[in-house]
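Start counting the sequence shown at 1; every next residue gets the next number (the numbering used here). Ideal Cβ placement from N, Cα and C applies to all residues, glycine included. Treat the numbers as computed from the prediction; the structure is a model and nothing was measured.
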Amino acid sequence: MLATEGVNLPRGALENIAPFIVDPEDTLSEPDDQGLRTLKSGAVRRIRTDAGDMVVAVVRMHGVGGVQWGHNERISSIWRSVADPTVGRGTERTLASVRPWMGVDDDGREICLAALESTVADRRALIMNAEDAADALKRRDRVRPYDLEEDLVLNGQQDPGMYVPQQVRLEQNPEKDENGNPLYPDAYWGWMAVRGNNRTQKRQSIFRLTSGEVLAGVPAEKLERDGNEVICDPRDWLPEFSAVLNREYAETADDELDPTSGSRARRAAAISVVDAHLVIGTPTPQRLYRIVQMNNRRDHVHPPLEFDALDRSRALGRSVLGMYVAQGAMDEKTAEVLSGIAPIRELPQATPDMTVSELRDLRSMLLLQELFPVDPRKRLLLRRALSENPPSQLKASEINQRARTWSALASESYPMPWNPRVGQVFSTRAREGIVLSGRRLPELLAAADTDDAAFDELVSYRAAHWLASFGIIEADRGSLDGQEAIADTGERVRRSRRTVMNCLQALRHEKSREAAAGLLKSLAAAMDDGDRRPWRVSSSGKELLGREMTPLWFDSEFPKDTGTRPRKAAAPSVPLPTAATPPTLTTATLLPTTTSVPAPAPPLGSVATAPVQAAPAVVAPALTPEALVDLIETRVQELHAASGRLGDLLGELAERSRAASVAHPIPRQRADTAVRLLNQTLSRLRKLPELMEDLTEPE
Numbered sequence: 001m002l003a004t005e006g007v008n009l010p011r012g013a014l015e016n017i018a019p020f021i022v023d024p025e026d027t028l029s030e031p032d033d034q035g036l037r038t039l040k041s042g043a044v045r046r047i048r049t050d051a052g053d054m055v056v057a058v059v060r061m062h063g064v065g066g067v068q069w070g071h072n073e074r075i076s077s078i079w080r081s082v083a084d085p086t087v088g089r090g091t092e093r094t095l096a097s098v099r100p101w102m103g104v105d106d107d108g109r110e111i112c113l114a115a116l117e118s119t120v121a122d123r124r125a126l127i128m129n130a131e132d133a134a135d136a137l138k139r140r141d142r143v144r145p146y147d148l149e150e151d152l153v154l155n156g157q158q159d160p161g162m163y164v165p166q167q168v169r170l171e172q173n174p175e176k177d178e179n180g181n182p183l184y185p186d187a188y189w190g191w192m193a194v195r196g197n198n199r200t201q202k203r204q205s206i207f208r209l210t211s212g213e214v215l216a217g218v219p220a221e222k223l224e225r226d227g228n229e230v231i232c233d234p235r236d237w238l239p240e241f242s243a244v245l246n247r248e249y250a251e252t253a254d255d256e257l258d259p260t261s262g263s264r265a266r267r268a269a270a271i272s273v274v275d276a277h278l279v280i281g282t283p284t285p286q287r288l289y290r291i292v293q294m295n296n297r298r299d300h301v302h303p304p305l306e307f308d309a310l311d312r313s314r315a316l317g318r319s320v321l322g323m324y325v326a327q328g329a330m331d332e333k334t335a336e337v338l339s340g341i342a343p344i345r346e347l348p349q350a351t352p353d354m355t356v357s358e359l360r361d362l363r364s365m366l367l368l369q370e371l372f373p374v375d376p377r378k379r380l381l382l383r384r385a386l387s388e389n390p391p392s393q394l395k396a397s398e399i400n401q402r403a404r405t406w407s408a409l410a411s412e413s414y415p416m417p418w419n420p421r422v423g424q425v426f427s428t429r430a431r432e433g434i435v436l437s438g439r440r441l442p443e444l445l446a447a448a449d450t451d452d453a454a455f456d457e458l459v460s461y462r463a464a465h466w467l468a469s470f471g472i473i474e475a476d477r478g479s480l481d482g483q484e485a486i487a488d489t490g491e492r493v494r495r496s497r498r499t500v501m502n503c504l505q506a507l508r509h510e511k512s513r514e515a516a517a518g519l520l521k522s523l524a525a526a527m528d529d530g531d532r533r534p535w536r537v538s539s540s541g542k543e544l545l546g547r548e549m550t551p552l553w554f555d556s557e558f559p560k561d562t563g564t565r566p567r568k569a570a571a572p573s574v575p576l577p578t579a580a581t582p583p584t585l586t587t588a589t590l591l592p593t594t595t596s597v598p599a600p601a602p603p604l605g606s607v608a609t610a611p612v613q614a615a616p617a618v619v620a621p622a623l624t625p626e627a628l629v630d631l632i633e634t635r636v637q638e639l640h641a642a643s644g645r646l647g648d649l650l651g652e653l654a655e656r657s658r659a660a661s662v663a664h665p666i667p668r669q670r671a672d673t674a675v676r677l678l679n680q681t682l683s684r685l686r687k688l689p690e691l692m693e694d695l696t697e698p699e
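Next comes the structure, spelled out in structure tokens:
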């Protein structure tokens with residue numbers, strides 16, 4: 001196999017997988033003049049991805065083969081990322097970085113081959129990583145609409161998995177026996193499931209083995225041997241294990257196949273041999289990790305199968321970064337750090353004096369500018385990776401997808417991830433790219449009290465993530481259910497429903513400026529002090545030491561009802577659209593004009609027959625409570641009718657524009673103004689039902 005064109009596999013990786021390959025003669029050619037055998041043309045595939053190319057061998061593999069991969073992106077959020085500057089301070093569930101495999105050739109020169117390598121502390125950590133990956137995949141698999149294990153028993157495996165070789169080396173020397181010989185190897189080869197992690201786990205479950213055992217050794221008792229020995233070499237344990245299964249199969253009847261509780265050997269018959277794709281070569285082995293991940297992403301991200309929102313957003317972001325590297329728009333080291341597989345201090349921009357908060361900020365701001373670039377070439381690559389519309393036609397949903405991607409990747413630098421919808425704070429103007437001042441975080445924080453530009457940059461691009469990382473704010477859930485918190489007195493209090501944008505607007509309120517600047521400084525200080533709870537701040541921005549910041553405190557100090565009412569525009573007439581003069585849409589077109597206070601309306605639920613007109617902005621103070629109730633009923637009916645009329649107007653505008661061959665009748669600036677006003681209106685409307693319930697007599 002190693003003589004095949006394009007194959008540059010370490011011999012150790014080939015020796016590890018060889019025992020699992022069934023009928024290898026079917027895949028190899030006859031020996032040539034020098035006695036070398038290569039893979040037949042039908043057994044070799046060359047695959048191209050946005051990150052680079054790779055060579056794959058198509059083989060028949062023993063069903064127990066393969067290892068579940070902790071670096072599978074569907075479960076990436078269970079691990080602490082090395083992109084968090086606090087990793088290494090006794091934290092748990094940290095997955096080691098994956099590097100290209102480096103070896104030495106016959107001439108003593110260092111070479112890079114088509115394999116990966118990583119390092120763990122000891123053999124126990126190696127096995128625990130495999131078990132953690134298995135547990136996480138089981139939880140993800142619960143969303144599947146059918147039982148995968150039962151389906152494999154009944155129908156076998158229909159689609160091949162893909163496996164990449166990885167060597168895991170132990171930092172600590174293995175234990176020794178009484179004669180001074182090591183009990184275990186100090187390095188392990190495994191073929192990691194890039195595609196087919198769930199299938200690998202379910203197959204091994206049917207065989208009653210685990211990925212940790214396939215990787216690090218099978219206990220003697222599972223081979224029906226005596227003693228506590230662990231057999232590590234698959235050339236030793238796999239033939240014995242197969243013999244055990246064959247005996248079990250011969251001792252059970254054909255009619256004993258029960259998909260859930262039948263004989264192990266009978267249940268495993270349909271997956272005793274499976275098709276597999278083995279990654280055996282690449283012209284760019286230094287990018288192998290990114291290449292194999294890119295190949296798997298499209299299966300799960302387009303459409304998103306079995307990914308949750310966090311892992312899906314991270315996978316999309318890594319696709320963008322991988323494409324940047326492959327096209328020469330980003331260097332490999334920067335992409336590794338931004339992808340979360342290398343420490344932030346490895347960035348060229350990182351300096352030794354940077355604190356935890358500044359390191360996190362450095363990575364977050366780099367991610368932001370890569371996902372909202374101004375460079376036309378990067379815009380094109382980004383559009384290809386995310387299947388977006390052209391920049392000029394970028395929709396709000398696509399802006400939000402980028403924002404979620406940025407937020408999800410940024411959260412890797414923090415102890416716990418947050419809902420990536422926290423990052424949805426950008427308008428469609430972000431389609432033109434985001435340009436930052438380039439000032440370091442300490443400088444921005446120091447100037448935030450008096451420098452408007454510094455303060456706005458902190459609030460716009462830092463505040464949401466910082467607050468979310470400490471659980472002070474969260475993405476709007478769409479309802480009040482579950483949005484409760486514990487008050488200082490200990491009782492459960494229902495919080496006001498508010499969006500992340502509303503929280504940021506509260507920070508920007510002029511009366512809260514000093515307190516908001518102090519809050520940002522307090523959050524940064526808490527990060528630098530071991531991610532402790534941040535302290536509250538006074539109205540002047542001074543930290544109140546010992547008094548922890550809470551969501552209820554934030555809602556109280558930066559309340560929801562801040563800001564000013566938008567001014568109402570005049571109501572010009574709207575000309576019919578023509579091909580020469582596109583129709584325009586103004587705020588006045590969408591909203592009814594004001595008039596005098598109408599007479600009391602009929603009760604709620606009746607049908608209004610007269611034309612509906614809007615209320616004045618100010619209610620006469622002389623109205624009695626009874627008259628105010630009547631007026632409220634009138635306004636509700638008017639609002640209901642006006643919203644229906646607005647939909648009719650938009651529909652009529654669309655029809656008349658088509659007739660006049662005008663594709664986009666609403667200018668962008670006017671549309672942004674109208675949509676912003678509609679969103680503000682919706683924000684106000686959401687709290688009205690609860691206010692009305694508070695004033696309503698009980699049932």
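Bridge partners - Glu543, DSSP secondary structure assignment: Val537
Top-ranked residue by Cα proximity to Met416, from Pro283, Met527, Glu652 and Ala515: Met527
Would Thr428 and Ile399 qualify as a contact pair, given that the criterion is a beta-carbon distance under 8 Å? yes
Status (buried if at least 16 other CB within 10 Å, exposed otherwise) for Leu688: exposed
Tell me which residue opens and which closes the beta strand (DSSP E) that Ser740 is part of. Residue 740 falls outside the range modelled here, since the chain spans only 1 to 699, and no answer is possible.
Taking the straight line between their C-alpha atoms, what separation do you get for Ala193 and Val164? 7 Å
Is Leu96 buried or exposed, if buried means 16 or more other CB atoms sit within 10 Å of its CB? Residue identity check: residue 96 is Ala in the sequence provided, not Leu. Result: buried.
Provide the residue span of the alpha helix (DSSP H) that contains Trp466, from first to last. Ala464 to Ser469
Val636 in three-state terms, based on DSSP: helix
Pair within 8 Å by beta-carbon distance, Arg402 and Ala475: no
In this structure, what does DSSP give as the bridge partners for Asp53? Arg48
Grouping DSSP H, G and I as helix and E and B as strand, with all else coil, what is Cys112? strand
Leu209 to Val64, Cα distance in whole Å? 8 Å
Can you say whether Asn679 is buried or exposed, counting buried as having 16 or more other CB atoms within 10 angstroms of its CB? exposed
Sort Leu367, Thr334, Lys395 and Trp406 by Cα distance to Asp672 and report the nearest one. Lys395
Mind checking which residues open and close the alpha helix (DSSP H) that includes Tyr249? Pro234 to Glu251
So is Met330 buried or exposed if we call it buried at 16+ other beta carbons inside 10 Å? buried
Under the DSSP definition of a beta bridge, which residues are partnered with Leu170? Val120
Can you check whether the CB of Val244 is closer than 8 Å to the CB of Leu223? yes
Where Arg497 and Ala464 are concerned, what is the direct C-alpha to C-alpha distance, given to the nearest angstrom? 16 Å
Taking the continuous beta strand (DSSP E) assigned at Tyr461, which residues delimit it? Premise fails: Tyr461 is in no beta strand (DSSP E) and is neither H nor E.
Measure the Cβ-Cβ separation of Met294 and Gly322 and say whether it is below 8 Å. yes
Grouping DSSP H, G and I as helix and E and B as strand, with all else coil, what is Arg177? For clarity, residue 177 is Asp in the given sequence; the question names Arg instead. Correct three-state label for Asp177: coil.
Best match in Val56, Ser413, Ile271 and Lys138 for proximity to Ser469 [C-alpha to C-alpha]: Ser413
Which residues mark the beginning and the end of the beta strand (DSSP E) in which Ile280 is found? Val273 to Gly281
So the candidates are Pro239, Trp553, Thr200 and Pro559; which of them puts its Cα closest to the Cα of Phe20? Pro239
Per-residue DSSP class, three states only, for Ala18: helix
Ignore the nearest five residues each way along the sequence and tell me which others in Leu368's own chain have a CB closer than 7 Å to its CB. Trp406, Ile434 and Tyr461
Give every residue of the same chain whose Cβ lies closer than 6 Å to the Cβ of Arg267, excluding the five residues on either side of it in the sequence, and list them in chain order. Val153 and Ile206
For the alpha helix (DSSP H) that contains Ala193, what are its first and last residues? It is not in any alpha helix (DSSP H) - Ala193 instead sits in the beta strand (DSSP E) that spans Ala187 to Arg195.
Should Leu278 and Asn198 be called a contact, given that it needs their Cβ atoms to be closer than 8 Å? no
Taking 8 Å as the cut-off, does the segment 356–363 touch the segment 436–446 (at least 3 CB pairs, one atom from each stretch)? yes
What do you get for Arg74, buried or exposed, if any count of 16 or more other CB atoms within 10 angstroms of its CB means buried? buried
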